[in-house]
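In this note's numbering, the protein residues as written are 1 to 90.
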């Protein structure tokens, strides 16, 4: 809880507590998670038809960026969920 609150206070002091920057940070965390999962998926799926096998990755992308994450995306104070997801995958 220390690291997310520290980032929240740092962003708040830099942006005068503008939630839009926190929203962008949450989206960046989700993108980092998605890229890390893609690299892990590609290293496990080797062989012919890599493009067709990458279509199997679409449900994972839908889970990371699902509409169920709307509260985590819109409320900047819930940045700890994005950090937990990102650093858990890394």
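Note that the Cβ used here is the ideal one computed from N, Cα and C, for glycine as well.
Annotation: residue 20 to residue 70 spans about 14 Å, alpha carbon to alpha carbon.
Nearest to residue 64 by alpha-carbon distance, out of 38, 1, 42, is 38. Taking residue 22 as reference, the option from 11, 66, 30 with the minimal CA-CA separation is 11. Within a 10 Å sphere around the beta-carbon of residue 79 sit 16 or more other beta-carbons, which makes this residue buried. By the 16-neighbour rule on beta-carbons within 10 angstroms, residue 76 is buried.
For the beta strand (DSSP E) assignment, the stretch 46-88 encloses no uninterrupted run of at least 3 residues. Taken through DSSP and simplified to helix, strand or coil, residue 31 comes out as helix.
DSSP, reduced to helix, strand and coil, places residue 1 outside both helices and strands of the structure shown, so it counts as coil.
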